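To start, the structure itself, in structure tokens.
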Amino acid sequence: MSTPIRQERTICVLLPNKEQLDITVGPKSTGQDVFNRVVELLGIKELHFFGLTVVQDNEHIFLDMEEKLTNYFPKDWKQDSSKGIQKRPFPLVLCLKVQYYIENGRLFCERKARHLYYSDLRERVLRSECRQQEEVYFQLAGYALQADLGDHPLPREDLENTPYFEPKEYFSPWILAKRGVSYLLCHGPKVHQELWGMSSRDAMLLFIRESCRLEDVPVTFYKLQKDKKAEKGTALLGLTLRGMQVYQEVNNMRQLLYDFPWSNVGRLTFLGKKFEIQPDGLPSARKLVYFTGSSFRSRHLLLHLSSSHRLYLSLQPALKHLRQLEENEDKKRYRESYISDDLDMDPPGSESSPGLSRHSTSSSGIEADVRQHSISPEMASMEEEGHREGRKVFQLNSQPRQLLHLWV
Numbered sequence: 001m002s003t004p005i006r007q008e009r010t011i012c013v014l015l016p017n018k019e020q021l022d023i024t025v026g027p028k029s030t031g032q033d034v035f036n037r038v039v040e041l042l043g044i045k046e047l048h049f050f051g052l053t054v055v056q057d058n059e060h061i062f063l064d065m066e067e068k069l070t071n072y073f074p075k076d077w078k079q080d081s082s083k084g085i086q087k088r089p090f091p092l093v094l095c096l097k098v099q100y101y102i103e104n105g106r107l108f109c110e111r112k113a114r115h116l117y118y119s120d121l122r123e124r125v126l127r128s129e130c131r132q133q134e135e136v137y138f139q140l141a142g143y144a145l146q147a148d149l150g151d152h153p154l155p156r157e158d159l160e161n162t163p164y165f166e167p168k169e170y171f172s173p174w175i176l177a178k179r180g181v182s183y184l185l186c187h188g189p190k191v192h193q194e195l196w197g198m199s200s201r202d203a204m205l206l207f208i209r210e211s212c213r214l215e216d217v218p219v220t221f222y223k224l225q226k227d228k229k230a231e232k233g234t235a236l237l238g239l240t241l242r243g244m245q246v247y248q249e250v251n252n253m254r255q256l257l258y259d260f261p262w263s264n265v266g267r268l269t270f271l272g273k274k275f276e277i278q279p280d281g282l283p284s285a286r287k288l289v290y291f292t293g294s295s296f297r298s299r300h301l302l303l304h305l306s307s308s309h310r311l312y313l314s315l316q317p318a319l320k321h322l323r324q325l326e327e328n329e330d331k332k333r334y335r336e337s338y339i340s341d342d343l344d345m346d347p348p349g350s351e352s353s354p355g356l357s358r359h360s361t362s363s364s365g366i367e368a369d370v371r372q373h374s375i376s377p378e379m380a381s382m383e384e385e386g387h388r389e390g391r392k393v394f395q396l397n398s399q400p401r402q403l404l405h406l407w408v
């Protein structure tokens, strides 16, 4: 009697807070199936800004949620797991990561979702290398300590004065090397102490806002080649809060070449491995040409670009509304400074307008269909201009779509 083939497989999903989920799926499961299971296990419905990634060539690739997992994993993934145990001693791994960065944490209604987003930013801040903004890292460490631990512990005469936090968990390695542990254990608590009485929620919101001042934090990088025959990436495309940036790498250092807010991008064209950026208002001869290395990467880069742009457009009215609420709260607190708690819709501490980066906030539109985790029915697919000779061409316009009606 033949033994039935085991159809179930185990996927390990790594979370931003360093926890993991083991999820059982079938060989025909899609990314959306895994994502739905993550939502169910975490008890979080508001994961709109997150996606699932798989690591390929030391780079995180966001899954097309409608594709089968077999398109991302080795061919033997379909085999009977009992027979393939020697080939696959470890479960296959996906990561839950922030796919769309935002600078105002009040867009999150669910506390758990906000905390996952905060955890992702915490890790990115620890890897950040904006060395001309050292003071920002100290302020962020203070916010993180307040968010994680609450108020600064009061000194007690009967207890030895021992450190209450690990500097490496709150400061980047380059700051540790530059300042030393003793310096950070001395000055970190001083910044923390200044936040006495601030709620964990408000500290988290301020951390989210201020971390977006660091240009290498709210950004997703993709390696590109300037030359079709190049074996490794010689350029980087950064998908930012408000558009795209192109860098070149020189001596392991990123140098910014081009900064394109969405309003300055006229057209994006993908043809196999070829990727073209047409700046708005410039002749076609001025277009930028890069190579992705494979049509697989081109397709997934296109999906991320188009969905990011569409979400950017859709969020503008909500962000504007939040800024107006926060400005009104500022004015009210200025007039009635003796009232400090439970004034408005949101607790104090999130009253300042979101920190703006140096990019333009003008709106435009990539004409593309986005298939993963739609946020509301209003975010309907944008019209694709068309396919010409195997190309995928996306024209930009300046008319934002109607916005989501949640998050107030």
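Just so you know, we're using this note's numbering here: the sequence shown kicks off at 1 and counts up by one.
We put the beta carbon where it would ideally sit given N, CA and C, even for glycine.
Please read all numbers here as calculations on a predicted model, not as lab measurements.
Per DSSP, the continuous alpha helix (DSSP H) segment holding Asp202 begins and ends at 200 to 211.
Following the DSSP letters along the chain, one finds Val217 in no alpha helix (DSSP H), marked with neither H nor E. In this chain, the alpha helix (DSSP H) harbouring Ala113 covers 111 to 127. Judged by DSSP secondary structure, Gln146 falls within the alpha helix (DSSP H) whose first and last residues are 134 to 149. The Cβ atoms of Gln225 and Phe296 lie no closer than 8 Å to each other. Scanning its chain for C-beta atoms nearer than 8 Å, with the 5 sequence neighbours on each side dropped, one finds around Pro167 the residues Leu176, Val181, Leu184, Leu185, Gly188, in chain order. Between Val38 and Lys45 the beta-carbon gap is near 11 Å, outside 8 Å, which marks them as no contact.
For Asp33, the enclosing alpha helix (DSSP H) begins and ends at 31 to 42.
About 5 Å separates the beta carbon of Leu311 from that of Tyr100, a gap short enough to meet the 8 Å contact definition.
Pairing Ala147 with Ser211 gives a Cβ-Cβ distance that is not under 8 Å. Check the Cα spacing between Arg242 and each of Ala230, Met253, Glu194, Phe260: the tightest is with Phe260. Relative to the Cα of Glu249, the nearest Cα in the group Val217, Tyr222, Ser314 belongs to Tyr222.
By a beta-carbon distance limit of 8 Å, Leu14 does not contact Gln7. Their separation comes to about 24 Å. Judged by their CB atoms, Tyr170 and Ala141 are nearer to each other than the 8 Å cut-off. Between the alpha carbons of His300 and Gly51 lies a gap of roughly 12 Å. Sequence-distant partners of Val55 (beyond 5 residues in either direction) whose C-beta falls short of 8 Å from its own C-beta, in its chain, are Ile61, Val93, Cys95. Contact annotation: Leu145 and His115 have beta-carbon atoms that are not nearer than 8 Å.
If you check the CB distance, Val219 and Val125 do not come in under 8 Å. For a cut-off of 8 Å, the C-beta gap from Gly43 to Lys112 is around 7 Å, short enough to register as a contact.
Residue state for Asp330 is assigned as helix, using DSSP reduced to three classes. It is roughly 24 Å from the alpha-carbon of Gly31 to the alpha-carbon of Leu121.
Distance from Ser307 to Leu214 at the Cβ level is roughly 24 Å; contact not present, criterion being Cβ atoms closer than 8 Å. Just so you know, the alpha carbons of Val289 and Val246 end up roughly 11 Å apart.
Each of Gly272, Lys228, Gly281 was checked against the Cα of Trp262, and the nearest Cα belongs to Gly281. Here DSSP, grouped into helix, strand and coil, assigns Thr53 to strand. One Cα belongs to Met253, the other to Glu134, and the distance between them is close to 18 Å. The three-state secondary structure of Glu169, taken from DSSP, is helix. Taking C-beta atoms as the reference points, Tyr143 and Leu206 count as a pair closer than 8 Å. The residues Pro153, in chain order, have a CB closer than 6 Å to that of Tyr164 in the same chain once the five nearest residues on each side in sequence are set aside.
By the C-beta density criterion, Glu327 is exposed, having fewer than 16 other C-beta atoms within 10 angstroms. For Asn264, the number of other beta carbons within 10 angstroms of its own is at least 16, and it is reported as buried. The residue from Phe275, Gln316, Leu325 with its alpha-carbon nearest to that of Leu305 is Phe275.
Remark: C-beta atoms of Arg106 and Leu239 do not approach each other more closely than 8 Å.
Pairing Thr10 with Phe35, the inter-Cα distance amounts to about 14 Å. Here the alpha carbon of Met204 sits roughly 30 Å from the alpha carbon of Met65. Rounded to the nearest whole angstrom, the C-alpha separation of Trp196 and Glu67 is 49 Å.
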